[in-house]
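A.B. asks:
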Amino acid sequence: MKAINLDYTAAAPLDQEVIQAMLPYFIEHYGNPSSGHSLGEKPRKAIDEAREKVARLIGAQAKEIIFTATASEANNLAIKGLIAGGRKKGNHIIASSIEHFSVLNQLKTLQKEGFEVTLLPVDRYGIVDPDQLASAITEQTILISIQTANPEIGTIQPIEELAALARENEIPFHTDAAAAAGWIPIDVEKTGVDLLSLAGDQFYGPKGSAALFVRRGTRMRPLIEGGIQEKGLRAGTENVPALVGMGEAARLAYDSIEERPKKIADLRDQLKESLFNEIPHLHLNGHPEQRLPRNLNISVEFVEGEALLMRLDMAGIYVSSGSSCTSQALKSSHVLSAIGVSAELAQGSLLLTLDKDSSADDITYITGQLAQVAELLRNMSPLYHQFMKEGNKNARV
Amino acid sequence: MKAINLDYTAAAPLDQEVIQAMLPYFIEHYGNPSSGHSLGEKPRKAIDEAREKVARLIGAQAKEIIFTATASEANNLAIKGLIAGGRKKGNHIIASSIEHFSVLNQLKTLQKEGFEVTLLPVDRYGIVDPDQLASAITEQTILISIQTANPEIGTIQPIEELAALARENEIPFHTDAAAAAGWIPIDVEKTGVDLLSLAGDQFYGPKGSAALFVRRGTRMRPLIEGGIQEKGLRAGTENVPALVGMGEAARLAYDSIEERPKKIADLRDQLKESLFNEIPHLHLNGHPEQRLPRNLNISVEFVEGEALLMRLDMAGIYVSSGSSCTSQALKSSHVLSAIGVSAELAQGSLLLTLDKDSSADDITYITGQLAQVAELLRNMSPLYHQFMKEGNKNARV
Amino acid sequence: MPEYSEKVMEHFTKPRNIGEIEEPDGVGEVGNPTCGDMMKFTIKVKDNRLEDVKYFTFGCGAAIAVSSMVSEMAKGKTIEDALKITNKQVAEELGGLPGNKMHCSNLGADALHKAIEDYKEKQKVEA
Amino acid sequence: MPEYSEKVMEHFTKPRNIGEIEEPDGVGEVGNPTCGDMMKFTIKVKDNRLEDVKYFTFGCGAAIAVSSMVSEMAKGKTIEDALKITNKQVAEELGGLPGNKMHCSNLGADALHKAIEDYKEKQKVEA
Ligand SMILES: Cc1ncc(COP(=O)(O)O)c(C=O)c1O
Ligand SMILES: Cc1ncc(COP(=O)(O)O)c(C=O)c1O
Numbered sequence: 437m438k439a440i441n442l443d444y445t446a447a448a449p450l451d452q453e454v455i456q457a458m459l460p461y462f463i464e465h466y467g468n469p470s471s472g473h474s475l476g477e478k479p480r481k482a483i484d485e486a487r488e489k490v491a492r493l494i495g496a497q498a499k500e501i502i503f504t505a506t507a508s509e510a511n512n513l514a515i516k517g518l519i520a521g522g523r524k525k526g527n528h529i530i531a532s533s534i535e536h537f538s539v540l541n542q543l544k545t546l547q548k549e550g551f552e553v554t555l556l557p558v559d560r561y562g563i564v565d566p567d568q569l570a571s572a573i574t575e576q577t578i579l580i581s582i583q584t585a586n587p588e589i590g591t592i593q594p595i596e597e598l599a600a601l602a603r604e605n606e607i608p609f610h611t612d613a614a615a616a617a618g619w620i621p622i623d624v625e626k627t628g629v630d631l632l633s634l635a636g637d638q639f640y641g642p643k644g645s646a647a648l649f650v651r652r653g654t655r656m657r658p659l660i661e662g663g664i665q666e667k668g669l670r671a672g673t674e675n676v677p678a679l680v681g682m683g684e685a686a687r688l689a690y691d692s693i694e695e696r697p698k699k700i701a702d703l704r705d706q707l708k709e710s711l712f713n714e715i716p717h718l719h720l721n722g723h724p725e726q727r728l729p730r731n732l733n734i735s736v737e738f739v740e741g742e743a744l745l746m747r748l749d750m751a752g753i754y755v756s757s758g759s760s761c762t763s764q765a766l767k768s769s770h771v772l773s774a775i776g777v778s779a780e781l782a783q784g785s786l787l788l789t790l791d792k793d794s795s796a797d798d799i800t801y802i803t804g805q806l807a808q809v810a811e812l813l814r815n816m817s818p819l820y821h822q823f824m825k826e827g828n829k830n831a832r833v
Numbered sequence: 437m438k439a440i441n442l443d444y445t446a447a448a449p450l451d452q453e454v455i456q457a458m459l460p461y462f463i464e465h466y467g468n469p470s471s472g473h474s475l476g477e478k479p480r481k482a483i484d485e486a487r488e489k490v491a492r493l494i495g496a497q498a499k500e501i502i503f504t505a506t507a508s509e510a511n512n513l514a515i516k517g518l519i520a521g522g523r524k525k526g527n528h529i530i531a532s533s534i535e536h537f538s539v540l541n542q543l544k545t546l547q548k549e550g551f552e553v554t555l556l557p558v559d560r561y562g563i564v565d566p567d568q569l570a571s572a573i574t575e576q577t578i579l580i581s582i583q584t585a586n587p588e589i590g591t592i593q594p595i596e597e598l599a600a601l602a603r604e605n606e607i608p609f610h611t612d613a614a615a616a617a618g619w620i621p622i623d624v625e626k627t628g629v630d631l632l633s634l635a636g637d638q639f640y641g642p643k644g645s646a647a648l649f650v651r652r653g654t655r656m657r658p659l660i661e662g663g664i665q666e667k668g669l670r671a672g673t674e675n676v677p678a679l680v681g682m683g684e685a686a687r688l689a690y691d692s693i694e695e696r697p698k699k700i701a702d703l704r705d706q707l708k709e710s711l712f713n714e715i716p717h718l719h720l721n722g723h724p725e726q727r728l729p730r731n732l733n734i735s736v737e738f739v740e741g742e743a744l745l746m747r748l749d750m751a752g753i754y755v756s757s758g759s760s761c762t763s764q765a766l767k768s769s770h771v772l773s774a775i776g777v778s779a780e781l782a783q784g785s786l787l788l789t790l791d792k793d794s795s796a797d798d799i800t801y802i803t804g805q806l807a808q809v810a811e812l813l814r815n816m817s818p819l820y821h822q823f824m825k826e827g828n829k830n831a832r833v
Numbered sequence: 002m003p004e005y006s007e008k009v010m011e012h013f014t015k016p017r018n019i020g021e022i023e024e025p026d027g028v029g030e031v032g033n034p035t036c037g038d039m040m041k042f043t044i045k046v047k048d049n050r051l052e053d054v055k056y057f058t059f060g061c062g063a064a065i066a067v068s069s070m071v072s073e074m075a076k077g078k079t080i081e082d083a084l085k086i087t088n089k090q091v092a093e094e095l096g097g098l099p100g101n102k103m104h105c106s107n108l109g110a111d112a113l114h115k116a117i118e119d120y121k122e123k124q125k126v127e128a
Numbered sequence: 002m003p004e005y006s007e008k009v010m011e012h013f014t015k016p017r018n019i020g021e022i023e024e025p026d027g028v029g030e031v032g033n034p035t036c037g038d039m040m041k042f043t044i045k046v047k048d049n050r051l052e053d054v055k056y057f058t059f060g061c062g063a064a065i066a067v068s069s070m071v072s073e074m075a076k077g078k079t080i081e082d083a084l085k086i087t088n089k090q091v092a093e094e095l096g097g098l099p100g101n102k103m104h105c106s107n108l109g110a111d112a113l114h115k116a117i118e119d120y121k122e123k124q125k126v127e128a
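Chains as they are written, first to last, in the working numbering: chain R, 437 to 833; chain E, 437 to 833; chain D, 2 to 128; chain C, 2 to 128.
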């Protein structure tokens, strides 16, 4: 049976170069970078180099990179660490309504603790309006956190414009670039953001590798207190192999920041065209152009996502959905709801993320399978039959 | 040249079994355990199994294991998470004065936020007196955190007795077992602790793998908020290979919890005897019997630790020291100071941790080298010459 | 795949009795697409027995399997016996459902019972 | 190994002029073991020149290298020139020191200067 992954945003296999770069650090150069003796030297140099490579990917300086284990940790360090750093006084925080849960759930907690939180709406494509940000800013605003791109609908924000507003008002600006880094060019000097989260496993690096860019001069407190690793901002023995892997993945992403995303985006566009040509009643979610190269998000009208996912799985195609049934919390996607997708269409949403190894052949297979599956499920859907009847009625009138 | 690591507490190479167990999860079974489709299945089962194995090592149930990236993170989750969970009201926390910085530095922060902190003294061997704990407990005490064993001087605490006091007073008890787990039998049911931190890389598991045992029913809040991984107590994509490695290392440690530590302890005792026989003016730090099997801590009188460390390094022997010069914060060991080791002797302290692959030959080599190095450095030490003169004078009187 | 029993997978893969009975004796609709699940049962009654049971389902794997199972369980039963089918029984017959999918099992029996109620109402009117 | 320059490593590995001059013309002691570093310099002066400079050092790699370097720099210099040796010069001659070890470079010149002061004091007394 075929096996085609279209859920690369959930996980991707390591690049061969990445795993090869990591392997020597499990057994041969197993030392602790903090050791004063020779066994610490290789690992120390290795993470210094990794730091350089990660910094280069986003236009930062190496000393501005704080390694963490996950993007969730980076987001938590960004927000809690900045607030605890407490340079700016106030109790108001602004974010977009389509942030990742590792931002949103913190804000909920902060609200309970007495902070005011403004969640900016987005337009039907998922874009934050800079004017709305401008008018949300108050004297009390101490932090603005707006993602670089959304992992679900792929929409890319006008970060430069948004960050400029923060800067004018001297408010620290954080951007969660976990879905974007490695896929679109990022330059923290150009955009002027103060904090930026990224995740190695989102660009073919290993799980357990992530980082927070902290602009020099930003006053922060650690989330994990203890030793003085990572300039005192993240205690704990460094995960040398993972960070080396992230460095190598960052190098590969940087070196191909034009070609690789373009190749995947072309395939993605072909897939989109093929699906929309062959299957009726599909809807595109997210921005038609300002979107991540590997991301396609559609809603299959009249059917529910988990059933789609299971049927496709049986055909060796792996996707994810924003339906409530596929979410462990049993809530349908807050992102789709924020861009005004109806609850019914959210239930039938499919997130398809392609890979550098996706092929044109895959597209033909996927299209055929999704067409079949959609037909099969529609044929048992009360909504579809209702629509057909009403459609027919309407046609008669 | 020889290369003998005696600093295995800083880092150890992975067991072959451990790396072999991990490898399939980088590329072949690279899926995300949270995925609803088939690619999530293998990784999900793999971390379930790892959880079982880690639980078994400490006598816990699998569902009581929360995976983290480091022991520092586990300690931060334990303390901050419990306080934020807020079942018990009060503002008083008790810990020992020889906790790891990932406990102590949190307590410093909490003190600034208004908490009362009692750091219990330890005796000259590093042991916490249960009577002193009993009299430190107040109506306000909401948490007691006492390590299972100290990574530096190796001293093992009477945890069962200490935890029983906490239980009598209905106070949650946390123990940092990062240095102990895998080396001495641990049974959370027998000791009745509520929270226990452990680190995979301390028993031949990979860096980036650690866990917090959270007794069922303990009310906690996450440190890293976001997705609902790890029962909502630690958001972020699971580091599958690292956790699989930790599971395998836990299995190996559990299966050899009698033999492996005993073999290493025997070698450690031989090393100690050999050193004390051959080199004058050595002092043992820590408890003579109640200590971790692989741990030896001595002070070499009249000389400073970094110089010792560098000279030994040139002879291919890797050790660490509690001297201020070898610490990145330029402070000499708070642990040695707490057990009453003089500042001078703390400067000349050496921490020697052995390994399952350490050999009797190594011991001969180490003894010879340390004897030479100590003599060389003593011959240039003003303290040594002063002692010799005064010693001679005293002898004359 | 979600952690479904073999039985659930079997009914999901090959759902029985899909469809809509023309001129049914009773119709029961429960749920709505907003919540993620919606079922429409139609029944044909003869001599106080469910001669035929069909359904359309919009929903997850569990919802589809539940409707299929309910249709099988109900078919041929007397009205009284069919009304005795409980949500618990449906879940049991399916070899259990994951905790977060138990609510789906409720929909199936509910929709069937609603169809039967509808049949009873119509009987009253006709009587 | 700490990140020391080659020059530091060379002086640490083969420190020059270790020892204590018997009946020295001046003695200078700085630091104490509690802080981690302690140096004792003894000097022999002839015709206003440092004919011999020796030291004992308790301390880290940097401290040992610094004392060795200071002894080399001072030997043969006039009293006046030896007093002009600055901490900065010592660190420079050693090819730099890691930031957290700069304080060691201070000790070396200080100990030397103290020994020279001691010599001067003694001269006064004898005069
Ligand atoms: C007792 C103890 N606690 C905590 C830690 C911190 O471990 P990590 O650096 O993995 O966070 C250590 C490290 O060796 C330890 O020995
Ligand atoms: C934008 C964004 N932020 C945060 C995260 C969280 O990443 P992790 O699960 O590695 O913590 C993700 C995950 O995909 C993401 O896409």
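For every residue, glycine included, the Cβ atom is placed at its ideal position computed from N, Cα and C. Predicted, not measured: the structure shown is a model, and the values here were computed from it.
Please look up how many angstroms separate the CB atoms of E/L748 and E/L806, rounded, as I've assumed it's under 8 Å.
C.D. replies: Position 312 of the second sequence, counting from 1, holds the residue named residue 748 of chain E. Position 370 of the second sequence, counting from 1, holds the residue named residue 806 of chain E. Rounded, the Cβ-Cβ distance is 7 Å, consistent with contact.
A.B. asks: At 9 Å on the CB atoms, spell out the chain D contacts of E/S474, in chain order.
C.D. replies: On the second sequence, residue 474 of chain E is found 38 positions in, with the first residue counted as 1. Result: M2.
A.B. asks: Taking Cβ positions only, does E/E477 come closer than 8 Å to chain D?
C.D. replies: The sequence position of residue 477 of chain E within the second sequence is 41, counting from 1. Taking Cβ atoms only, chain D reaches closer than 8 Å to E/E477, which makes this a yes.
A.B. asks: With a threshold of 8 Å on Cβ separation, who are the neighbours of R/I715 within its own chain once the five nearest residues in sequence on each side are excluded?
C.D. replies: The residue labelled residue 715 of chain R in the question sits at position 279 within the first sequence. Correct list, in chain order: V736, T803, L806, A807 and A810.
A.B. asks: I want to verify the contact list: residues of chain D whose CB lies under 8 Å from the CB of R/L819, in sequence order.
C.D. replies: Walking along the first sequence from the start, residue 819 of chain R turns up at place 383. Those are P34, M39 and F59, listed as they occur along chain D.
A.B. asks: Considering Cα atoms alone, identify which of E/Q726, E/R687 and E/D797 is closest to E/V490.
C.D. replies: Reading the second sequence from its first residue, position 54 is the one you call residue 490 of chain E. For E/V490, the nearest C-alpha among the options comes from E/R687.
A.B. asks: Only counting the same chain, and skipping five residues up and downstream in sequence, which positions put a Cβ closer than 7 Å to that of R/I660?
C.D. replies: Walking along the first sequence from the start, residue 660 of chain R turns up at place 224. Within the same chain, R/I660 has close Cβ partners R670, A671 and G672.
A.B. asks: How far does the alpha helix (DSSP H) with R/S710 in it extend, from its first residue to its last?
C.D. replies: Stepping through the first sequence from its first residue, residue 710 of chain R is reached at position 274. Element bounds for R/S710: E695 to E714.
A.B. asks: By DSSP, does R/V777 sit in helix, in strand, or in coil?
C.D. replies: The sequence position of residue 777 of chain R within the first sequence is 341, counting from 1. R/V777 falls in the coil class under three-state DSSP.
A.B. asks: Hey, C/S69 and C/V54: beta-carbon distance below 8 Å or not?
C.D. replies: In the fourth sequence, the residue the question calls residue 69 of chain C occupies position 68. In the fourth sequence, the residue the question calls residue 54 of chain C occupies position 53. Cβ atoms of C/S69 and C/V54: not closer than 8 Å.
A.B. asks: What span of residues does the beta strand (DSSP E) with R/S538 cover, start to end?
C.D. replies: The count along the first sequence starts at 1 and reaches residue 538 of chain R at position 102. Where R/S538 is concerned, there is no enclosing beta strand (DSSP E), although the alpha helix (DSSP H) it sits in stretches over F537 to K548.
A.B. asks: Is there contact here, the segment 494-511 of chain E with the segment 619-633 of chain R, by at least three beta-carbon pairs under 8 Å?
C.D. replies: Of all C-beta pairs linking the segment 494-511 of chain E to the segment 619-633 of chain R, fewer than three are shorter than 8 Å, placing the two stretches out of contact.
A.B. asks: Would C/V126 be called buried (16 or more neighbouring beta carbons within 10 Å of its own) or exposed?
C.D. replies: As a working mapping, residue 126 of chain C is identified with position 125 in the fourth sequence. So C/V126 counts as exposed.
A.B. asks: Is R/H536 close to ligand 2? I mean its beta-carbon at under 7 Å from any heavy atom of the ligand.
C.D. replies: Locating residue 536 of chain R in the first sequence gives position 100, where the first residue counts as 1. Indeed, a heavy atom of ligand 2 lies less than 7 Å from the Cβ.
A.B. asks: Determine, using beta carbons only, whether E/A439 comes closer than 8 Å to chain C.
C.D. replies: Mapped onto the second sequence, residue 439 of chain E falls at position 3. No, its Cβ sits nowhere closer than 8 Å to a Cβ of chain C.
A.B. asks: Would you report the Cα separation of R/R832 and D/M10, rounded to the nearest angstrom?
C.D. replies: As a working mapping, residue 832 of chain R is identified with position 396 in the first sequence. As a working mapping, residue 10 of chain D is identified with position 9 in the third sequence. In this prediction, R/R832 scores a pLDDT of 42, lower than 50, which makes its location untrustworthy; the coordinate-derived value is nonetheless stated afterwards. About 41 Å.
A.B. asks: Going by CA-CA distance only, name the one from R/K626, R/L555 and R/E500 that's closest to R/G653.
C.D. replies: Within the first sequence, residue 653 of chain R is the residue found at index 217, counting from 1. The option with the nearest alpha carbon to R/G653 is R/E500.
A.B. asks: Have a look at the DSSP bridge pairing and note the partners of E/F551.
C.D. replies: As a first step, residue 551 of chain E must be located in the second sequence, where it is residue number 115. None, per the DSSP bridge assignment.
A.B. asks: Rounded to the nearest angstrom, what separates R/G827 and R/L781 at their Cα positions?
C.D. replies: Residue numbering aside, residue 827 of chain R sits at position 391 when the first sequence is read from its first letter. Residue numbering aside, residue 781 of chain R sits at position 345 when the first sequence is read from its first letter. The alpha-carbon atoms of R/G827 and R/L781 are separated by roughly 18 Å.
A.B. asks: Check whether the Cβ of R/Q583 sits closer than 7 Å to any heavy atom of ligand 2, and report yes or no.
C.D. replies: Taking the first sequence and counting its residues from 1, the one referred to as residue 583 of chain R is at position 147. R/Q583: yes, Cβ under 7 Å from ligand 2.
A.B. asks: Could you please tell me which residues of the segment 15-32 of chain C, in chain order, have their CB closer than 9 Å to any CB of chain E?
C.D. replies: P16, I19, G20, E21 and E30
A.B. asks: Quick one: measure Cβ to Cβ for R/H536 and R/P587, integer angstroms, because I've assumed they're closer than 8 Å.
C.D. replies: Working through the first sequence from its first residue, we reach residue 536 of chain R at position 100. Working through the first sequence from its first residue, we reach residue 587 of chain R at position 151. Confirmed, about 7 Å.
A.B. asks: DSSP puts D/N33 in a beta bridge; with which residues?
C.D. replies: Your numbering for residue 33 of chain D matches position 32 in the third sequence. Looking at the DSSP assignment, D/N33 forms a beta bridge with D/D38.
A.B. asks: Kindly list, in the order they appear in chain C, the residues whose Cβ is closer than 8 Å to that of E/S760.
C.D. replies: Against the second sequence, residue 760 of chain E aligns to sequence position 324. Result: C36 and G37.
A.B. asks: What residue from R/I775, R/T627, R/K698 and R/L744 has the CA that sits closest to R/L790's CA?
C.D. replies: Your numbering for residue 790 of chain R matches position 354 in the first sequence. Minimum Cα distance to R/L790 is reached at R/K698.
A.B. asks: R/G827 by DSSP, collapsed to three states: which one?
C.D. replies: Stepping through the first sequence from its first residue, residue 827 of chain R is reached at position 391. R/G827 falls in the helix class under three-state DSSP.
A.B. asks: In whole angstroms, give me the CA-to-CA distance for R/T574 and R/K524.
C.D. replies: As a position in the first sequence, residue 574 of chain R is number 138, starting the count at 1. As a position in the first sequence, residue 524 of chain R is number 88, starting the count at 1. For R/T574 and R/K524, the distance between alpha carbons rounds to 13 Å.
A.B. asks: Write down the C-beta distance between E/D743 and C/I65 rounded to the nearest angstrom, noting that I regard them as a contact closer than 8 Å.
C.D. replies: Indexing the second sequence from 1 puts residue 743 of chain E at position 307. Indexing the fourth sequence from 1 puts residue 65 of chain C at position 64. The sequence as given places Ala at residue 743 of chain E; Asp does not occur at that position. Confirmed, about 6 Å.
A.B. asks: Could you work out which residue in E/D565, E/V553, E/Q576 and E/D691 is closest to E/P594 when comparing CA atoms only?
C.D. replies: Numbered from 1 along the second sequence, position 158 holds the residue referred to as residue 594 of chain E. Taking only the C-alpha atoms, the option nearest E/P594 is E/D565.
A.B. asks: Just checking my contact of E/I592 with E/I620 at CB under 8 Å: how many whole Å lie between their CB atoms?
C.D. replies: Numbered from 1 along the second sequence, position 156 holds the residue referred to as residue 592 of chain E. Numbered from 1 along the second sequence, position 184 holds the residue referred to as residue 620 of chain E. At roughly 7 Å, the Cβ-Cβ gap stays under 8 Å, so E/I592 and E/I620 are in contact.
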